[in-house]
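K.L.:
All you need for our numbering is the position in the sequence shown, starting with 1, plus 46.
Even glycine gets a Cβ: it sits at the ideal position worked out from N, Cα and C.
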Amino acid sequence: MDFDEYGPWAKRVVDWTLDYHRTIRERKVRAPLTPGAVAGQLPESPPELAEPMETIFADFERIVPDGMTHWQHPRFMAYFPSNAAPASMLAEQLVNGIAANCLLWQTSPAGTEIETRMIDWLRQALGLPAGWRGLIQDAASTATLCAALTMRERSMGWRGIRSGVSGETAPRIYASAQTHSSVDKACWVAGIGQDNLVKIGTDENFAMRPDALREAIEADRAAGLAPAGVMICVGGTSIGAIDPVSAVMDVAEEEGLYTHVDAAWAGSAMICPEFRSLWDGVERADSVVFNPHKWLGAHFDCSVQFLKDPTDQIRTLGLRPSFLETGGVDDAVNYSEWTLPLGRRFRALKLWFLIRAYGLEGLRARIRDHVAWTEEAEARIAGMNGLKIVTRRRLALFTFAHVDGDARTRALLETVNDDGRTYLTQTSHEGRYLIRLTMGQFDMKRADMVEALDAIEEINAALG
Ligand SMILES: *Cc1c(COP(=O)(O)O)cnc(C)c1O
């Protein structure tokens, strides 16, 4: 395979992709669950001799599509969406062709400078304060880990990471029980430990109680521990829980704590001004993460971390050994100094294509449709025999269950997913098994919501 052969194959791949998307509604959303079915079709050893592309591609067509769960299926209503608007897909194809590593400004000036501008476009789009900076990360988990490390370093007088922890007072991080598991993992990896991640009680809406936060911080100070930071949840993954950012910020500011807002999913909705009251006070946070690859339409992966002032994070993570000296362009931004990995993909191009190809109005219209259709779906499910809404809609997510209990709810979910017209996932909430329903696929139409709800209604009735 060389570039002469690459040309015709690249065109074939594009034709295949187009056909895949045009006929995607005919597929079952979730892959059939038969572990080993794909592995059984792969030779156990690698080939010694080159194989023709024709054979490789034929195997791809035979094995892969039927072994995938189709995330770009417009009736995918599981987890949270992981989008890929056609314009951002094109940008990814160009990035794939250029194949640069954007570790430093000089390894990729356009990559770095488009990234800086895209961060600022998104800052404006989300209504965040002028002067904030940021970077594109691979995942919200990475952004949250960077924030946890910064909290730890800051509270330990910038000695922890580089010299190792030895007998210092434990840094304490505060979060509600609704925060994503990535917060727990960040605390483990940052050497803070699960015991020093303090889960704060929530109110009847599953939002963090600022008074309970204050009490926990005061108790920790009295015990000689070192309060370091607060992880704030805006749109939790389980039921979409939203902490009262402003009231939590009152406490955090008073206590001098670093704050990180995890809005991995819900952040995209903030391009619509009418939803911004959900995160009132965000302008006072130190760090905010949201994933444009989730609900905005950017091709996976693309997670944006905004920083009120990047100094603390760079102080925590930046280093420049001699082989990375940039000779004369030391004032340029080198984003690898702001995060964990050195090598970085050119992720900014897909944002540039996405925002320009649809305009903020086009992106807002989709989010508003998803929210409106989720509201419609919630009302329809509430009227179905034996089904009950358990947590009300937050943006485009609600949960429901069958009144006969967990086993019946689970049977409904599994039968719906085997049917394949839609795909939903579960959560466990207050000891109950619930079905989550969320909408957000970029090409979704109202008819997709109707078809998915028809499937749920029909299957629920058949189960009796
Ligand atoms: C999806 C999600 C995450 C994790 O995102 P990754 O980019 O996969 O690491 C974290 N927090 C919330 C609220 C999420 O919805």
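(1) Give the single residue among Thr248, Asn129, Asn251 and Asp65 whose Cα lies nearest to the Cα of Pro111.
(2) May I have the straight-line CA-CA distance separating Ile107 from Arg71, to the nearest angstrom?
(3) Helix, strand or coil for Leu259? Go by DSSP, reduced to three states.
(4) For Gln170, count neighbouring C-beta atoms within 10 Å of its own C-beta (all shown protein chains included) and say buried if the count is 16 or more, exposed if not.
(5) Taking all protein chains shown into account, decide if Asp48 is buried (16 or more other Cβ within 10 angstroms of its Cβ) or exposed.
(6) Among residues of its own chain, excluding the 5 on either side of Ser212, which ones have a beta-carbon nearer than 8 Å to its beta-carbon?
(7) Residues in its own chain within less than 7 Å of Gly327 by CB, not counting five upstream and five downstream?
(8) I think Val334 touches Phe346, with their Cβ atoms under 8 Å apart; what is that distance to the nearest whole Å?
(9) Note down the Cα distance separating Gln87 from Trp62, rounded to an integer number of angstroms.
(10) On the three-state DSSP scale, how would you describe Gln139?
(11) Lys57 by DSSP, collapsed to three states: which one?
(12) Could you tell me the distance, in whole angstroms, from the CA atom of His416 to the CA atom of Ala442?
(13) Among the residues of its own chain, which have a CB less than 7 Å from the CB of Ile16, if the five just before and after it don't count?
(14) Should Asp308 be counted as a contact of ligand 1 given a C-beta to heavy atom distance under 7 Å?
(15) Just to confirm, does His345 get its C-beta within under 7 Å of one of the non-hydrogen atoms of ligand 1?
(16) What residue range does the alpha helix (DSSP H) around Thr420 cover?
(17) Closest to Met202 by C-alpha separation, out of Thr225, Gly143 and Pro273, would be which residue?
(18) Among Arg255, Gln240, Ile238 and Gly239, which residue has its Cα nearest to the Cα of Ile246?
(19) In terms of residue numbering, what span does the beta strand (DSSP E) encompassing Lys354 cover?
(20) Are the CB atoms of Ala77 and Thr115 nearer to each other than 8 Å?
(21) So, for Tyr125: in the same chain, excluding its five sequence neighbours on each side, which residues have a beta-carbon less than 7 Å away from its beta-carbon?
P.N.:
So, from the listed chains and residues:
(1) Minimum Cα distance to Pro111 is reached at Asp65.
(2) Looking at the sequence shown, residue 107 is not Ile but Glu. So the alpha carbons of these two residues sit roughly 18 Å apart.
(3) Leu259: helix per DSSP, three-state reduction.
(4) Exposed, because fewer than 16 other Cβ atoms sit within 10 Å of the Cβ of Gln170.
(5) Exposed, since its Cβ has fewer than 16 Cβ neighbours within 10 Å.
(6) Any reading at Ser212 must be qualified, since the residue scores a pLDDT of 49, below 50, and its modelled position is unreliable; no value is offered.
(7) Val291, Ser292 and Met295, listed in sequence order.
(8) Your pair Val334 and Phe346 does not check out as a contact, with CB atoms roughly 20 Å apart and the cut at 8 Å.
(9) Near 21 Å, if we compare the C-alpha coordinates of Trp62 and Gln87.
(10) Secondary structure of Gln139 (DSSP, three-state): helix.
(11) Looking at Lys57 - three-state DSSP - the assignment turns out to be helix.
(12) Their Cα atoms are separated by approximately 6 Å.
(13) A question about residue 16 goes unanswered here, because the residues of the chain that appear run from 47 up to 510.
(14) True, at least one ligand heavy atom lies under 7 Å from that Cβ.
(15) A distance criterion of 7 Å places the beta-carbon of His345 beyond contact range of ligand 1, judged by its closest non-hydrogen atom.
(16) Boundaries of the alpha helix (DSSP H) harbouring Thr420: Ala394 to Ala428, taken from the DSSP string.
(17) Met202 has its Cα closest to that of Pro273, out of Thr225, Gly143 and Pro273.
(18) Residue nearest to Ile246 within the set Arg255, Gln240, Ile238 and Gly239 is Arg255 (criterion: CA-CA distance).
(19) Going by DSSP, Lys354 is part of no beta strand (DSSP E) at all; its letter is neither H nor E.
(20) Going by C-beta atoms, Ala77 is nearer than 8 Å to Thr115.
(21) Within the same chain, Tyr125 has close Cβ partners Thr471.
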